[in-house]
Amino acid sequence: MPQAGGVIRELPIAMPSGPLGKYAGAVARSECIERHTLRLEVLSPGRLVPWLGPAIRGITAMRYRAATCRQPMAEWKGRWKHCRGCPHLPCCGYGVAFEPEAATASAPSPPEADHIHAADRSPTIDAIRRLVIAPAYLADSVVARRGDSLEVRMTAIGRTVASTIPGIVTALADAGRRDGLGPDRVRFTLAEPRPRAAAIVVNPTQFPSLRADSARLPHVTIKLESPLFLRQREARSRRMILTPDFAVFLRHAVRIVREFFPGTQCPDPGYEALVNGVAMIADDLQPFHQERASRRTFHRFTMAGVVGSCTFADVPECVLPWLAIAGILHVGGHRVAGAGGWTVHTRLPRTPSPPETPQ
């Protein structure tokens, strides 16, 4: 993981999560992102789709809601189809992790607001989602066999969401026994009782300024760990970006980092001039298409994005922390299901050597 100016540090942590105050010194004053990696073991054979993000997030959320929601289950398809306006939301693990909201009114709600009808509360909007559930991208449709392994990474941004991880892990195990994945409902279990965990410590005040006169690196490779779904606004619609260039990656990286860490330095007004002279010198980007069905609306639609990697030349060094953190936070559409995650490398990707010619 690229590091610059003390922006990023990684520490091993224990599971279940404790309060972030356990980190000492400068670490405790920074922002923490917890990453928990689980290994699932397949219990029954069956077909799987290349990208399991929406499916795993969907069945996990369903089981976690069943374990935590205080509203009558009979009203889940009606009044409480969505959690917005629920008086229990601030203290509900499911609401905090999967459907957070932020009040638009400046005045805080009174303590007795728990018994106030939702219509009488301050208007609210959906808050940024701080939990990402990202299964490994399988690349091709496969038939899972008993004993196969699937890796899933849960990323919790901030202390409050991190406290829900133990319950969400339990919900994922429950979903593996009762729901399964794919058209054949492939069952699975947790291969290890506790996930591997680490804390990514981010110091927002140490992000380097985005300046056009920054030193340049000869090569930077962005490797997508999952499909990337980005849209570009046009006159009356949005179109999918299927050939992202360096300007696209930088723009979305700055946007997501500033959204999560408002304490970062404001980019210079002309920071997009950083892309001048940056050229893509290699890529294996491929279009990605997959059908998806919503568990709530039962609508079916096609997700269109890209997978693969791309290498750029003459890249400003100051952008590395911004790109690295953006890849951890995930960007674009379906990010909460693990889309839009990437890693950044400062070396050229290896190319296979040509076969030797027999003498």
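Counting the sequence shown from 1 gives a position; this note's numbering is that position plus 1. Even for Gly, the Cβ is constructed at its ideal location relative to N, Cα and C. Only a predicted model underlies this, so the values are computations on that prediction, with no experimental measurement involved.
An exposed status is given to M74, since fewer than 16 other beta-carbon atoms sit within 10 Å of its beta-carbon. By the neighbour-count criterion, in which 16 or more other beta carbons inside 10 Å mark a residue as buried, H335 falls on the buried side. Relative to the Cα of A283, the nearest Cα in the group I326, P245, G177 belongs to P245. The shortest CA-to-CA distance from V162 to any of P91, L218, F208 is the one to P91. Assigned with DSSP and collapsed to three states, F99 falls in helix. DSSP links I158 through a beta bridge to I34. Counting other Cβ atoms within 10 Å of its Cβ, G339 reaches 16 or more and is therefore classed as buried. Separation of the CB atoms of W323 and A254 is rounded to 5 Å, and the pair is thereby assigned contact status at 8 Å. One thing to note: R212 has its Cβ within 8 Å of the Cβ of C319. Around the beta carbon of G264, fewer than 16 other beta carbons sit within 10 angstroms, so the residue counts as exposed. Our two residues, V332 and V249, have alpha carbons roughly 11 Å apart in a direct line.
Boundaries for A176: no beta strand (DSSP E) harbours it, while the alpha helix (DSSP H) harbouring it runs 166-179, taken from the DSSP string. With the rule of 3 Cβ pairs closer than 8 Å, the region 42-51 counts as touching the region 131-150. For the options A128, A145, D141, I158, the alpha carbon positioned closest to that of I134 is the one of I158. By the CB criterion at 8 Å, I329 and T206 fall outside the cutoff. Counting C-beta atoms within 10 angstroms of its own C-beta, A128 has fewer than 16 neighbours from the protein chains shown and is therefore classed as exposed. Among the bridge pairs identified by DSSP, R301 is matched with A294.
Under the three-state reduction of DSSP output, P322 falls in the helix class. If you draw a straight line from the Cα of R188 to the Cα of F208, it is about 44 Å long. In this structure, I242 sits away from C311, with a CB-CB distance that is not shorter than 8 Å. Using a 10 angstroms sphere on the CB of P194, the tally of other CB atoms stays under 16, which defines it as exposed. When only Cα atoms are considered, L53 and A103 end up about 29 Å apart. Using a Cβ distance threshold of 8 Å, S215 and P317 count as a contacting pair.
Rounded to whole angstroms, Q266 and V308 show a C-alpha spacing of 31 Å. Annotation: A98 to T190 spans about 22 Å, alpha carbon to alpha carbon.
According to DSSP, residue pairing for L191 in a beta bridge involves L41.
Leaving aside the five residues that flank A56 on each side, the residues in its chain whose CB is nearer than 8 Å to its CB run, in chain order, V50, L182, G183. Taking the Cα positions, G79 is about 11 Å away from Q72. Looking at the DSSP output, D284 shares a beta bridge with C311. Burial state of N277 is exposed, judged by a 10 Å Cβ sphere holding fewer than 16 other Cβ atoms. Pairing R131 with V337, the inter-Cα distance amounts to about 8 Å. Contact annotation, D315 with R232: C-beta distance approximately 28 Å; criterion of less than 8 Å not satisfied. When only Cα atoms are considered, I60 and A176 end up about 6 Å apart.
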